[in-house]
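Below is one structure, written out as structure tokens, with a few remarks after it.
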Amino acid sequence: MPDGLIAPPVTDGRHLARELGGDAAQVAFALGLAHFEALAAHGRAASTALDATAIESLAHLLAHAEQPVAVLGSGVWAARATDAAVELIRTLGMPAYADGAGRGTLPPGDTHHFLHSRAYAFAGADVILVVGSPFGVRDSGLRDFRAGYGRRISPHATVVQLDAGGTGRVLRAVAQCAAGHAVGVRADQAATRRKAWLDEVRAAERTAESLWTKQLTSDASPVHPFRLLAEIDRFLTEDSVFIADDPWSAELAGRVVRPWTPGHWMDPGPLGTAGVGFPFALAVGASGAHRESVVLFRDDPLSTAAGGFASLVRHHLPFIGVVAHTGAAPFVNRARAHGGYGEDVRDPAALRPALERARAAGIPALIGVRTDQDAYLPGAVNQPDRPHDASGPDRPHGTSRPDRPHGMGHPDRPPHGDPPTPNEQSNRHHPPHQTDEPRNQ
Numbered sequence: 013m014p015d016g017l018i019a020p021p022v023t024d025g026r027h028l029a030r031e032l033g034g035d036a037a038q039v040a041f042a043l044g045l046a047h048f049e050a051l052a053a054h055g056r057a058a059s060t061a062l063d064a065t066a067i068e069s070l071a072h073l074l075a076h077a078e079q080p081v082a083v084l085g086s087g088v089w090a091a092r093a094t095d096a097a098v099e100l101i102r103t104l105g106m107p108a109y110a111d112g113a114g115r116g117t118l119p120p121g122d123t124h125h126f127l128h129s130r131a132y133a134f135a136g137a138d139v140i141l142v143v144g145s146p147f148g149v150r151d152s153g154l155r156d157f158r159a160g161y162g163r164r165i166s167p168h169a170t171v172v173q174l175d176a177g178g179t180g181r182v183l184r185a186v187a188q189c190a191a192g193h194a195v196g197v198r199a200d201q202a203a204t205r206r207k208a209w210l211d212e213v214r215a216a217e218r219t220a221e222s223l224w225t226k227q228l229t230s231d232a233s234p235v236h237p238f239r240l241l242a243e244i245d246r247f248l249t250e251d252s253v254f255i256a257d258d259p260w261s262a263e264l265a266g267r268v269v270r271p272w273t274p275g276h277w278m279d280p281g282p283l284g285t286a287g288v289g290f291p292f293a294l295a296v297g298a299s300g301a302h303r304e305s306v307v308l309f310r311d312d313p314l315s316t317a318a319g320g321f322a323s324l325v326r327h328h329l330p331f332i333g334v335v336a337h338t339g340a341a342p343f344v345n346r347a348r349a350h351g352g353y354g355e356d357v358r359d360p361a362a363l364r365p366a367l368e369r370a371r372a373a374g375i376p377a378l379i380g381v382r383t384d385q386d387a388y389l390p391g392a393v394n395q396p397d398r399p400h401d402a403s404g405p406d407r408p409h410g411t412s413r414p415d416r417p418h419g420m421g422h423p424d425r426p427p428h429g430d431p432p433t434p435n436e437q438s439n440r441h442h443p444p445h446q447t448d449e450p451r452n453q
């Protein structure tokens with residue numbers, strides 16, 4: 013499978029690639045991007061010379077991009093390309109988003125790190141650089157629900173995908189080459205517009221964050237799921253490894269929880285299954301680093317996998333499990349029966365003290381948190397158009413949605429969670445039959 017993919021400008025927001033035999037997808041762009049690294053039979057990288065022409069093409073593209081966006085996936089961390097990715101992002105001054113173990117590549121607070129404005133950035137980008145993330149490039153379009161199957165991608169964007177061996181070498185070479193391309197009037201204009209673009213995305217990020225403030229600070233009881241996630245986010249340390257036990261929890265946690273360093277986020281993947289919490293925590297403990305695992309569970313999956321807690325107790329591994337539940341099962345009693353620490357929480361103000369007590373106990377712990385499954389969750393399916401009382405105008409108070417899993421909601425695209433995309437903004441000022449030109453600001 014090719015290590016690098018570069019896509020041509022998207023004509024309809026969907027068709028990004030064409031297959032070249034078997035399952036190897038490669039997209040034509042200028043002279044193409046050659047293989048940078050071949051994997052040896054035993055899994056070790058067999059170094060090959062970098063293709064100078066391909067490096068030049070990619071560096072020129074990025075140096076002259078006015079509204080670039082980067083997506084950093086688990087492959088960045090797996091290839092030990094974190095420093096090279098950060099160097100490229102900061103050299104070019106581009107907004108960056110992270111997936112999977114790539115979360116934490118840019119720490120929270122970094123001026124290039126963004127979390128809530130991805131849809132806005134995708135819709136306005138002229139270049140999207142995807143590194144170490146399965147972006148689903150295929151002949152029939154972008155087969156990735158996280159990007160709206162291509163609908164959220166600007167029709168004028170060029171998508172570049174880098175994955176598998178040698179990622180760090182490629183990124184360092186591109187960063188050095190791009191610095192050489194960053195001269196001349198056109199490059200100066202592009203750099204000025206990239207700075208304006210970074211400020212624009214930052215404003216969109218603040219707008220999106222403002223829509224979540226009420227939920228993140230809610231004092232309601234049972235606990236609002238986003239208030240729980242906010243407390244977990246603040247509780248994590250640089251050595252904590254956050255693990256989402258199932259895809260539903262991972263999707264919600266990904267909107268709030270920000271690990272400090274790459275490789276400190278684990279989840280079952282976008283198409284994975286529930287029940288990875290205990291096995292992943294055991295693996296973290298067995299690594300010898302003695303890092304603390306903080307695992308988010310829902311009550312349904314945990315009911316079928318609680319035996320893993322006994323193994324954590326037997327091996328004396330640092331573990332704190334947080335169970336978002338609706339009061340249906342006595343998880344705290346199970347934890348105590350296995351010789352661990354257990355505590356149940358219903359008051360949001362008691363969340364942080366309970367987490368601190370669990371850490372201080374020095375033994376595996378389960379913290380049960382009674383959460384409101386009828387709470388308004390920005391981004392969840394079957395939500396009202398705006399936050400209001402959980403009962404809603406068309407649903408009796410206290411009744412739950414049949415498709416809502418216990419404890420946590422199922423996230424999809426927020427009804428108003430993202431600010432208007434650039435295309436949506438343009439359509440407000442042009443008749444529907446007119447075609448918007450690419451923005452130059």
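Residues 13 to 453 (the numbering used here) are what the sequence shown spells out, left to right.
Here a beta-carbon is modelled for each residue, glycine too, at the ideal position from N, C-alpha and C.
Proximity to E78 across D138, H72, P120 peaks at D138, based on C-alpha coordinates. Of all C-beta pairs linking the stretch 371-387 to the stretch 345-356, three or more are shorter than 8 Å, placing the two stretches in contact. Contact between the stretch 263-280 and the stretch 118-133 is present: 3 or more CB-CB pairs across the two stretches fall below 8 Å. When secondary structure is reduced to three states using DSSP, I244 falls in the helix class. Taking the Cβ atoms as the reference, H327 lies roughly 15 Å from G289, outside the contact range of under 8 Å. Nearest Cα to G339 within the set V235, D258, F247: V235.
At the C-beta level, F292 and W277 stay beyond 7 Å of one another. For A191, same chain residues with a beta-carbon under 7 Å away, outside a window of 5 residues either side, are T103 in chain order.
Comparing alpha carbon positions, the residue from G114, A91, M106 closest to A133 is M106. Residues C189 of the same chain have their beta carbon placed closer than 7 Å to that of E68, with the five preceding and five following residues left out of the count. Your pair L367 and L324 does not check out as a contact, with CB atoms roughly 17 Å apart and the cut at 8 Å. About 6 Å separates the beta carbons of L100 and V186, which is inside the 8 Å limit, making them a contact pair. Taking all protein chains shown into account, H168 has 16 or more neighbouring C-beta atoms within 10 Å of its C-beta and is therefore buried. Collapsing the DSSP output to three states places R115 in coil.
K226 and Q173 have their C-alpha atoms spaced approximately 37 Å apart.
Secondary-structure assignment with DSSP links G333 through a beta bridge to V307, L378. Checking the DSSP bridge columns, you'll see Y109 partnered with V83.
In this structure A93 is in contact with G180, their Cβ atoms being roughly 3 Å apart against a cut-off of 8 Å. The Cβ-Cβ distance between L70 and E243 does not fall below 7 Å. When secondary structure is reduced to three states using DSSP, D386 falls in the coil class, being assigned neither helix nor strand. When rounded, the separation of the alpha-carbon atoms in P313 and A208 is 46 Å. Taking a 10 Å sphere around the C-beta of L241, we find 16 or more other C-beta atoms and assign the residue as buried.
Around the beta-carbon of T383, 16 or more other beta-carbon atoms lie within 10 Å, marking it buried. For D356, the enclosing beta strand (DSSP E) stretches over residues 353-357.
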